[in-house]
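Engineer: Protein chains in written order, with our numbering: chain P, 299 to 389; chain B, 976 to 1032; chain A, 158 to 807.
Virtual Cβ for every residue (Gly too), placed ideally from N, Cα, C.
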Amino acid sequence: MRLSEIAVGCEGIIKHVAGTEKVCRFLYSIGCYPGERITLVSVLAGNYIVRIKDSRFAVDRKIAQIIELGEVTPGADEPDLGCRHRQASRV
Amino acid sequence: MSSTIGNIIVGAVLLAVISWAGFRSYRNMKHNRCPGCGACEFAANNECPGHETGQAG
Amino acid sequence: MRIALAGNPNCGKTTLYNALTGKTESAGNWSGVTVEKKAAKLKRKYGAFGTEIIIVDLPGAYSITPYTAEEAITRDFILEHRPDVIINIVDGANLERSLFMTTQLLELGIPVVIALNKSDIIQERNDRVDIKRLQAELGCPIISIVATEAQGLRELIAAAVKAAGKPQRRVTPVFGDEAVLERHKFVEQIAARAIVKGDNVRRVWLSDSIDRIIANQWIGLPVFFLVMWAVYAFSIEGLGGFLSDYFNETLFGEVIPSAADNLLSSLEIHPFLRDLILEGVIAGIGAVIGFLPLIMVLFFCLALLEDSGYMARVALVMDRHFKRIGLSGKSIIPMIVGSGCAIPGVMATRTIEDAGERRVTAILTPYVPCGAKLPIIALFATVFFPGASWVAPSMYILAICVIIVGGLLLKKLFLWENTSVFILELPEYKRPSLKYASSQMLRHSKAFIHKAATIILVMNTLVWLMQEYTWLLQPAADQSQSMLGTIGSVLELVLKPLGLRGWQPGAAAITGFVAKENVVSSLAILLSEGSEAVLSTPGGPLAGLFNPVTAYAFLIFNLFTPPCFAAIGAMRGELGAEWLWKGLLFQIGVGYTLAMLVSQIGSLVIYQAPAPGLPAAVGISAALGVFLFIKIKDTAAKRQALNLAAETRS
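1. Quick one: Cα of A/W573 to Cα of A/G513, how far?
2. Helix, strand or coil: how does DSSP classify A/S577 here?
3. Please state the DSSP three-state secondary structure of P/I304.
4. Spell out a yes or no on whether the stretch 243 to 250 of chain A and the stretch 168 to 176 of chain A are touching, meaning 3 or more CB-CB pairs, one atom from each, closer than 8 angstroms.
5. Does the beta carbon of B/L990 sit closer than 8 angstroms to a beta carbon anywhere in chain A?
6. Using 8 angstroms as the threshold, is the C-beta distance between A/L808 and A/V706 below it?
7. Spell out the partners DSSP gives A/I889 in its beta bridges.
8. Under three-state DSSP, which class holds A/G776?
9. When you compare only the Cα positions, how much space is there between A/H243 and P/I365?
10. Please decide whether A/S220 counts as near chain P, where near means a Cβ-Cβ distance under 8 angstroms.
11. If you pair each beta-carbon of the stretch 273 to 281 of chain A with each one of the stretch 361 to 380 of chain A, do three or more pairs fall below 8 angstroms?
12. What whole-angstrom Cβ distance do P/L342 and P/L301 have, given they're in contact under 8 angstroms?
13. In chain B, what lies closer than 7 angstroms to A/E425 by C-beta?
14. Note down, one range per segment and in chain order, each alpha helix (DSSP H) of at least 4 residues found wholly within the stretch 274 to 359 of chain A.
15. Taking DSSP's pairing of strands, which residues face P/V315 in a bridge?
16. Pull up the distance between the alpha-carbon of A/W386 and that of A/L199, whole angstroms please.
17. Which same chain residues, not among the five before or five after A/I446, have their C-beta less than 6 angstroms away from its C-beta?
18. Does the beta-carbon of A/W187 have 16 or more other beta-carbons within 10 angstroms, so that it is buried, or is it exposed?
19. Determine the chain A residues that contact P/I336 at a beta-carbon separation under 7 angstroms, and present them in chain order.
20. Identify the continuous alpha helix (DSSP H) that holds P/N345 and give its terminal residues.
21. Tell me the DSSP secondary structure of P/E334 in three-state form.
22. Mind checking the stretch 339 to 358 of chain P against chain A and listing, in chain order, the residues whose C-beta falls within less than 9 angstroms of any C-beta there?
23. Note down the Cα distance separating A/D214 from A/A272, rounded to an integer number of angstroms.
24. Can you check whether the CB of B/I993 is closer than 8 angstroms to the CB of A/V615?
25. For A/A304 versus A/T172, is the C-beta distance shorter than 8 angstroms?
26. Please classify A/L101: is it buried, with 16 or more other beta-carbons within 10 angstroms of its beta-carbon, or exposed?
27. Closer than 8 angstroms between beta carbons: that is the criterion. Which residues of the stretch 235 to 253 of chain A meet it against chain P?
28. Are A/L555 and A/A472 close, meaning C-beta to C-beta below 8 angstroms?
29. What does DSSP give as the partner residues of A/N245 in its beta bridges?
30. I need the boundaries of the alpha helix (DSSP H) containing A/S596, first residue and last residue.
31. Use the C-beta contact count for A/P695: other C-beta atoms within 10 angstroms, 16 or more gives buried, fewer gives exposed.
32. Going straight from the alpha carbon of A/L648 to that of A/T750, what length do you get?
33. Under 8 angstroms by Cβ, that's how I've got A/V344 and A/T231 pegged, so tell me the actual separation to the nearest angstrom.
34. Is A/A348 near A/G204, with beta carbons less than 8 angstroms apart?
35. Do the stretch 426 to 434 of chain A and the stretch 657 to 676 of chain A touch if we need at least three Cβ pairs shorter than 8 angstroms?
36. Sort A/F382, A/L742, A/D464 by Cα distance to A/G563 and report the nearest one.
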């Protein structure tokens, strides 16, 4: 599933980042690399707020769509969310 | 006090102040392209090796 | 000896730099504040080591292999200039991530000393960091510091000096540029062994909850407008304005001029000198310095706002709107910097990767009212709209609207595509530091006074001379025949369609290109002969030249046409010659047209009477409309052709 598709509050392990080499390198350097846990905190003003390691980043839809997640679980903070995922949608 | 001496003093002070102001403006302009903006991050007030003010291009 | 400060964005490098060198660079709680390296000497109190020590502050980077322009500056500096020692500031609140760059720095061969910053946050969160263990794993000294409290700095510098000159021990494996994932795994392992996390959930939840309201899709923009409204209203119409009124009316309106007048008269000073001092220097400088309290209040508030972490949210909120004009939320950062001074604002556009976006941002950034424009805004607000608190904030809001509409126009007029994406770190909200806000307030105050005492003083002298004497250096019988008068009269024709009468507005506006504050001081000098009342009196000398509608239009003209020469120079640096002219033409066009429309339509609507120059205005509007229509169509056609060509190729 892609980051742009999971529900708010859910977290997942990153499986693959499908971007250009430059974008991948940058995402890797902020902690967004395969094997790392990422949480979708909220969706604000069209941007996806994520928690990676200890910090929060705002990424836009283009980036959210290239982050592919492996297993997705409801977040530790909001256990009852049940992970209702959004429909995959194109830009 | 004779007005001549007063005039000379005042005139000299004025000239000195304005010249200083002009000189400082010129120096500011050379260093950070801004004739007076010290709020600019690029104010150079010591000659530091390795400090480059924002040059064009 | 050169010590470089390197680390992640927003880890506290600039705060440390300020503490170590005594400088007061902007160190807000958001990334994108530092865009250029800066250097200064270490303060004596942190140790005398025989040789001069220079601290170099670098822009933040997440990694040495650069993606952004800021990261490139860091890498280039380290590789080319080989500092003697690198102090790697590690953000205690983001320890594991920070260590990624640390391991890269350790491979360069230059001695590294780690400054573990934000140790206070580590304590608050009950995280436990085994520093001894980390030192052993990484092979370099680690000193805990709290940069905002200037704690631990002596030890830090001592460690740095001790490490300088000795090559960095290789304890960590060398990964190089390619083995990124392996490097991450290695860092994870080290972190697991040396760091025990405490409980951070509550603090994070607070920031998130605030964000849900402040950065909300629907409320975000209004909240931003409200915040800026409050800041500007408080600074210009509220406390700042109140104090400025005292300065302008009493201090510089009565006390100083009459004292000077008495002194000069008693000394029987020659009228030339006396008039130059009273009507040139004191009138001009006084008119500007009177606004110092206003400047102080505004920059205090802006610094508080910056330090809280709100600015990153502004970028987030504006991203959606900026995407519509081909930019991303990152473009708001230069504009926020520009609310202090447009020069560092324009230079901050360097951090935008896409050339087209960089250009557009550089052209639009000067539209945000800079500190120098505040006296103009405050003057006209006080004289023509006394008691109304909407005028000053409206300029800021108008600026945002003009930026959006202008951006849209630029997108349609010129062919370029935006490719950049928006990724921005959102720092935790923090209680803004009064100490920091005070230091920024003082910094800008000093700069303001410095500017008044130098370039404004020089310009005032020049203006006074040019309005006293004709081109033949004879005393001008009528001010309008003086040197400045003739220049102003030529400009009067150009400004007619704006409904402006008289030669003074044009003359004053021109002096604004040297420094925007000059518009105020020039008007003060030009109008000081006629009346006793000080310039900023409602209904005073200015009322003879403007009415509220034309005053507002004149304000728009000064704010939305090209900025001062120095800022234009900064634009040239980022745009290059060709785009500079396009940008300037665009700015002139927008400022002129907007002022014209406001003046003419405003006069018709509010006074039910046309302002002077209406026929010309109509003509110009029509011509402009046709021109824009044709150019936009043309660009759209070109874009079609390009897309078609791209499609057939693929």
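Structural biologist: Let me spell this out:
1. The C-alpha of A/G513 is placed about 6 angstroms away from the C-alpha of A/W573.
2. DSSP places A/S577 in coil when its eight states are reduced to three.
3. Assignment of P/I304 by DSSP, reduced to helix, strand and coil, places it in the coil class.
4. Verdict: yes, contact present.
5. For B/L990, not one C-beta of chain A is nearer than 8 angstroms to its own C-beta.
6. With chain A covering 158 to 807 only, the question about residue 808 of chain A has no answer from this structure.
7. Residue 889 of chain A lies beyond the range of chain A shown here (158 to 807); nothing can be said about it.
8. In the displayed model, A/G776 falls within a helix according to three-state DSSP.
9. Residue identity differs from the one stated: residue 243 of chain A is Ile in this sequence, not His. A direct Cα-Cα distance of roughly 34 angstroms separates A/I243 from P/I365.
10. Answer yes: the Cβ-Cβ gap between A/S220 and chain P drops below 8 angstroms somewhere.
11. Contact fails: fewer than three Cβ-Cβ distances are below 8 angstroms.
12. A Cβ-Cβ distance of about 14 angstroms is found for the pair P/L342 and P/L301, leaving them out of contact under the 8 angstroms criterion.
13. By Cβ distance, chain B contributes S978, G981.
14. Along the stretch 274 to 359 of chain A, the alpha helix (DSSP H) occurs as fully enclosed runs of 4 or more residues at 276 to 281, 288 to 295, 310 to 320, 337 to 351, listed in sequence order.
15. Looking at the DSSP assignment, P/V315 forms a beta bridge with P/I365.
16. Those two C-alpha atoms are separated by around 40 angstroms.
17. Only A609 meet the Cβ criterion.
18. Buried is the label assigned to A/W187, since at least 16 other Cβ atoms lie within 10 Å of its Cβ.
19. Per Cβ cutoff of 7 angstroms: no residues; P/I336 is ~13 angstroms from chain A at best.
20. Counting along the chain, P/N345 falls outside any alpha helix (DSSP H), though it belongs to the beta strand (DSSP E) covering 345 to 350.
21. Coil, per DSSP.
22. For the stretch 339 to 358 of chain P, which is checked against every Cβ of chain A, the residues closer than 9 angstroms are V339, S340, V341, L342, A343, G344, N345, I347, R349, I350, K351, D352, S353, R354, F355, A356, V357, D358.
23. Between the C-alpha atoms of A/D214 and A/A272 there is a straight-line separation of about 14 angstroms.
24. Yes, Cβ-Cβ distance for A/V615 and B/I993 is below 8 angstroms.
25. One thing to note: A/A304 has its Cβ within 8 angstroms of the Cβ of A/T172.
26. Given that chain A is displayed from residue 158 to residue 807, the structure contains no residue 101 of chain A and the question cannot be resolved.
27. Those would be A250, N251, L252, E253, in chain order.
28. Not a contact, by the Cβ cut-off of 8 angstroms.
29. Within the DSSP bridge table, the entry for A/N245 names A/A163, A/I271 as partners.
30. In the DSSP assignment, A/S596 falls within the unbroken alpha helix (DSSP H) covering 591 to 608.
31. Residue burial is scored here from C-beta neighbours: A/P695 has fewer than 16 other C-beta atoms within 10 angstroms and is therefore classed as exposed.
32. In a straight line, the C-alpha of A/L648 is about 16 angstroms away from that of A/T750.
33. Between A/T231 and A/V344 the Cβ distance is about 19 angstroms, and since that is not below 8 angstroms, they are no contact.
34. Not in contact: A/A348 and A/G204 (Cβ atoms no closer than 8 angstroms).
35. Here the stretch 426 to 434 of chain A makes no contact with the stretch 657 to 676 of chain A; the two share fewer than three CB pairs at distances below 8 angstroms.
36. Among A/F382, A/L742, A/D464, the Cα nearest to that of A/G563 belongs to A/L742.
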